[in-house]
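Colleague: Pasting a structure here, questions to come.
Protein chains in written order, with this note's numbering: chain A, 297 to 769; chain B, 297 to 769.
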């Protein structure tokens with residue numbers, strides 16, 4: 297990168313907020329995929345105008361700008377695969393407004409999702425999306441990838457709560473989308489076009505959020521099953537019984553064995569699968585749902601632990617949240633996918649991954665958001681074993697092919713980034729794909745904003761090895 | 297229109313499905329705005345391939361195609377203002393699939409919204425959006441305008457339930473967007489880009505819908521107030537009291553006087569405003585909400601009618617649904633707006649319209665979806681009185697200016713069409729507007745699909761007088 301450009305960037309963001317030493321660059325070179333690419337510089341702007349000035353410069357000189365929040369993405373969305381500038385939003389981390397009367401908040405993109413949720417609790421308000429990374433992921437990245445989480449089964453995902461965006465286009469132009477009201481249908485829905493666009497169409501500098509009243513109460517159950525098939529078949533039945541959980545998570549046997557030692561759950565030895573069920577709402581509403589659920593469980597002889605007190609509740613959640621880290625005790629690497637299938641197809645999908653694991657001689661874990669069909673499939677591998685890595689990749693393709701056959705989708709919450717690009721055409725038809733690429737070209741004619749993401753159209757710089765922090769799903 | 301084009305159109309849709317006589321054309325010349333423009337031809341295709349062939353022909357020869365569902369739109373979205381072909385979807389009216397296990401339905405665009413809801417009830421399922429026109433409006437139009445309805449306060453609007461679309465682009469190309477799963481973040485969100493695009497970016501030929509379980513129970517209250525201010529201030533307070541109604545509608549004094557004679561509601565003479573409140577959910581959930589609401593009403597001495605039996609319930613809804621028709625007893629014409637303000641600003645907005653009506657010597661009714669701040673403002677005029685019509689238009693501009701000052705939006709559910717075009721720039725910033733126009737040009741370079749809608753870029757053919765059926769909101 298030309299020294300005059302580096303100097304211009306330094307002028308824009310200030311001396312302390314432009315990083316160029318190898319050690320500094322390395323800190324912003326990786327994400328949750330465990331892959332790493334060195335940028336030429338890292339800029340930490342503090343305002344919309346600074347973001348605009350950086351993009352205007354990039355568009356003029358043709359260098360890549362890669363937006364990055366907390367770097368916790370799972371598909372490479374924030375990796376500088378073609379070098380250039382990593383634009384980090386961590387300094388733009390103010391909660392600008394909480395409006396309880398209208399249940400609206402306005403935040404900057406660097407706000408940590410969990411910190412926003414804590415701040416809202418004081419007002420008895422809730423921002424529902426709850427990715428497992430909520431303690432460190434940021435709101436801008438959540439919007440860029442359209443993050444989900446366990447509560448999506450009841451409350452939906454990021455696109456359902458972001459109703460307006462302040463955006464800087466790749467040209468440096470600044471625009472405001474959406475509304476700060478519950479409804480709004482004026483012109484095209486640019487807000488949702490930007491949400492889930494993985495940082496390829498614009499950089500968010502302001503977000504208007506709709507909020508919900510904080511539920512008064514929440515109760516947690518852990519259901520245990522002697523077979524996987526019984527657990528997965530129970531998912532649809534719980535919903536059909538008039539129960540609307542705010543969490544309906546599933547864990548297979550390999551996952552249970554991983555977390556069993558770490559968390560004092562006191563499971564029967566024959567337990568082969570778990571469902572984690574949470575119900576929230578008003579006290580009376582929860583009581584009603586609770587009695588329906590226990591009726592159902594008793595009728596069907598389903599053993600369960602009830603997280604009546606905070607300690608049991610925490611133990612159950614500790615188990616769920618420790619899966620991703622614990623999985624690395626099996627193999628040093630994983631291919632981690634967040635496929636979705638129609639709920640009724642979960643048993644088929646899970647049976648398929650069992651067979652796939654056996655046939656391909658791979659350990660495959662399945663767990664995650666069974667309530668909405670969004671299953672995390674982790675194919676455990678050792679990348680240093682090239683033959684095993686190749687088998688892992690072959691298994692991944694078979695998995696995606698089966699998911700699409702079942703009427704599902706490649707990604708429920710992680711996006712395409714770089715890791716799923718080879719499989720995009722399995723799901724998206726050629727005309728839709730061409731339309732998306734035309735939209736990218738319209739917004740970013742010089743292809744300077746996060747080039748090579750979603751659609752393979754940038755030659756990435758060489759992959760470099762790096763220390764990996766285990767990602768969280 | 298050239299005879300050879302007419303012949304080609306007739307070949308595409310079949311002799312009986314291309315209409316060209318003046319009487320036939322007149323039937324498809326108007327919508328809920330009461331305005332009318334004659335098309336050159338009306339085509340009623342029966343399949344995606346026929347829609348594609350029509351658009352391919354139009355794109356080659358450069359004639360306008362205007363998609364039309366039931367013609368019940370409120371802003372002129374389906375009016376052939378530049379002539380050409382009106383493409384009517386009424387023959388594409390099949391419910392293709394209802395999948396109770398996955399709570400998904402697949403429908404063609406000509407399906408009547410209310411008929412879908414009736415069909416779903418048999419499966420104990422619900423498609424929530426409920427525009428007041430639901431007995432005759434169609435699903436394609438609902439998606440094109442992103443229709444709402446009273447239940448939006450709890451359940452959201454059309455964009456929250458349409459998860460995938462079969463679309464024909466203005467070039468005739470066919471594509472499929474979205475998913476048939478609860479989640480999906482693969483590529484850009486083309487589905488929501490099309491929803492609310494008012495028939496300017498593509499014609500929908502298939503819609504994938506997510507559904508909810510049908511609530512077990514629903515209860516209705518009518519709250520009566522001695523002043524308007526008390527009624528509007530109560531809206532936010534009900535929500536803050538932990539009550540989540542599925543309907544929270546408001547009617548002002550003029551509206552009450554309109555419906556009082558028609559519906560046996562037995563209101564106290566001093567009643568100056570009404571709130572219609574509905575609560576749905578499980579039996580226990582409704583019981584709980586019901587006791588919260590009655591506690592609140594008793595504490596604040598708010599008089600109410602409780603629609604305990606079906607007859608009372610029906611009387612209350614008959615009153616709500618009769619407003620639009622009854623309003624024409626005041627004046628032969630109206631300027632009907634569906635503005636939205638942040639909920640806490642409803643008292644300001646309603647006080648403003650009272651003053652506006654007095655100052656401008658106009659009768660202005662306000663009613664509608666108070667729960668989400670979406671207030672229907674009807675400025676009653678006689679268009680044959682040019683001076684009064686001009687005063688009405690002046691009042692409308694003042695209304696929109698005030699709405700934007702209050703942080704609101706010009707349209708909650710009707711869209712821009714042709715009627716709100718002069719005011720678009722009050723709300724949408726120049727960069728956002730330019731971006732929308734660029735998207736329109738990208739999708740429709742020859743501007744053949746519904747030209748002149750949202751953005752003023754087609755010279756309309758002359759307005760012709762026509763018999764008007766009163767529109768419904």
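Glycine residues also receive a C-beta, built at the ideal position from the N, C-alpha and C atoms.
(1) Please name the residues in the segment 615-648 of chain A whose beta-carbon is closer than 7 angstroms to at least one beta-carbon of chain B, in chain order.
(2) Can you pull out the residues from the segment 724-736 of chain A whose beta carbon lies closer than 9 angstroms to at least one beta carbon of chain B?
(3) Sort out for me which residues DSSP pairs residue 749(A) with in a bridge.
(4) How many whole angstroms separate the CB atoms of residue 546(A) and residue 528(A), which I take to be in contact at a CB cut-off of 8 angstroms?
(5) Could you work out which residue in 681(A), 652(A), 720(A), 674(A) is closest to residue 694(A) when comparing CA atoms only?
(6) Quick check for students: name the residue ranges of the alpha helix (DSSP H) that lie wholly in the segment 328-404 of chain A, counting only runs of 4 or more.
(7) Can you tell me whether DSSP reads residue 326(A) as helix, strand or coil?
(8) Could you name the residues that DSSP lists as bridge partners for residue 629(A)?
(9) Quick check: the Cα distance between residue 557(B) and residue 631(B), rounded to an integer number of angstroms?
(10) Hey, how far is the Cα of residue 616(B) from the Cα of residue 714(B)?
(11) Going along the chain, which residues of its own chain have a beta-carbon closer than 7 angstroms to the beta-carbon of residue 446(A), five neighbours each way excluded?
(12) Give, in chain order, every residue of the segment 410-425 of chain B whose Cβ lies closer than 7 angstroms to some Cβ of chain C.
(13) Using DSSP with H/G/I as helix, E/B as strand and the rest coil, what is residue 307(A)?
(14) To which residues does DSSP link residue 576(A) through a beta bridge?
(15) What would DSSP say about residue 316(B), mapped onto helix, strand or coil?
(16) Mind listing which residues of the segment 676-696 of chain B have their C-beta closer than 9 angstroms to chain A's C-betas, in chain order?
(17) Expressed to the nearest angstrom, what Euclidean distance is found between the alpha-carbon atoms of residue 673(B) and residue 514(B)?
(18) Which runs of the beta strand (DSSP E) at least 3 residues long sit entirely within the segment 633-697 of chain B? Give them in chain order.
(19) Can you give me, in chain order, the residues of the segment 427-460 of chain B that have a beta carbon less than 8 angstroms from any beta carbon in chain A?
(20) What three-state label does DSSP hand residue 500(B) in the structure shown?
(21) If we cut at 8 angstroms on Cβ distances, does residue 712(A) have a partner in chain B?
(22) Cβ atoms of residue 599(A) and residue 559(A): under 8 angstroms apart, would you say?
(23) So, under 8 angstroms CB-CB, residue 496(A) and residue 473(A) are touching, yes? Tell me the CB distance rounded to an integer number of Å.
(24) Counting only Cβ-Cβ distances shorter than 9 angstroms, please list the residues of the segment 557-581 of chain B near chain A, keeping chain order.
(25) Taking CB distances under 8 angstroms as the criterion, tell me whether residue 769(B) reaches chain A.
(26) By the three-class DSSP mapping on this structure, what secondary structure does residue 437(B) have?
(27) State yes or no: is the beta carbon of residue 397(A) nearer than 8 angstroms to at least one beta carbon in chain B?
(28) Start and end of the beta strand (DSSP E) containing residue 471(A)?
(29) Three or more C-beta pairs under 8 angstroms: does that hold for the segment 547-555 of chain B against the segment 479-493 of chain B?
(30) Using a threshold of 8 angstroms, state whether the C-beta atoms of residue 476(B) and residue 400(B) are closer than that.
(31) Looking at the structure shown, is residue 506(A) part of a helix, part of a strand, or coil, going by DSSP?
(32) Buried or exposed, going by whether 16 or more other CB atoms sit within 10 Å of the CB of residue 595(A)?
(33) What number of angstroms, rounded off, separates the C-alpha of residue 458(B) from the C-alpha of residue 478(B)?
(34) From the beta carbon of residue 743(B), is the nearest beta carbon of chain A less than 8 angstroms away?
(35) So residue 389(A) and residue 407(A) are supposed to be a Cβ contact under 8 angstroms. How far apart are they, rounded?
(36) Closer than 8 angstroms, CB to CB, is residue 670(A) near chain B or not?
Modeller: So, from the data block:
(1) 636, 637, 638, 639, 640
(2) 724, 725, 726, 727, 728, 729, 730, 731, 732, 734, 735, 736
(3) The partner list for residue 749(A) (beta bridge, DSSP) is empty, contrary to what the question assumes.
(4) 7 angstroms
(5) 652(A)
(6) 344-357
(7) strand
(8) 677(A)
(9) 24 angstroms
(10) 27 angstroms
(11) 426, 543, 545, 665
(12) The question asks about chain C, but that chain is absent: this structure's protein chains are A and B.
(13) helix
(14) 514(A)
(15) coil
(16) none
(17) Taking the straight line from one Cα to the other gives about 28 angstroms.
(18) Those beta strand (DSSP E) runs which fall completely within the segment 633-697 of chain B and span 3+ residues are 659-665, 670-677.
(19) 441, 442, 444, 448, 449, 452, 453, 455, 456
(20) Strand, per DSSP.
(21) Cβ-Cβ to chain B under 8 angstroms: yes for residue 712(A).
(22) no
(23) Not really, about 16 angstroms apart at Cβ, beyond 8 angstroms.
(24) 577, 578, 579, 580, 581
(25) Residue confidence is low: residue 769(B) scores 47 on pLDDT, short of 50, so the model does not pin down where it sits. Its coordinate-derived value is still stated next. Not an interface residue.
(26) helix
(27) yes
(28) 470-474
(29) No, the segment 547-555 of chain B does not touch the segment 479-493 of chain B.
(30) Taking 8 angstroms as the cut-off, the beta carbon of residue 476(B) is found closer than this to the beta carbon of residue 400(B).
(31) strand
(32) exposed
(33) 11 angstroms
(34) no
(35) 5 angstroms
(36) With respect to chain B, the C-beta atom of residue 670(A) has a partner C-beta closer than 8 angstroms.
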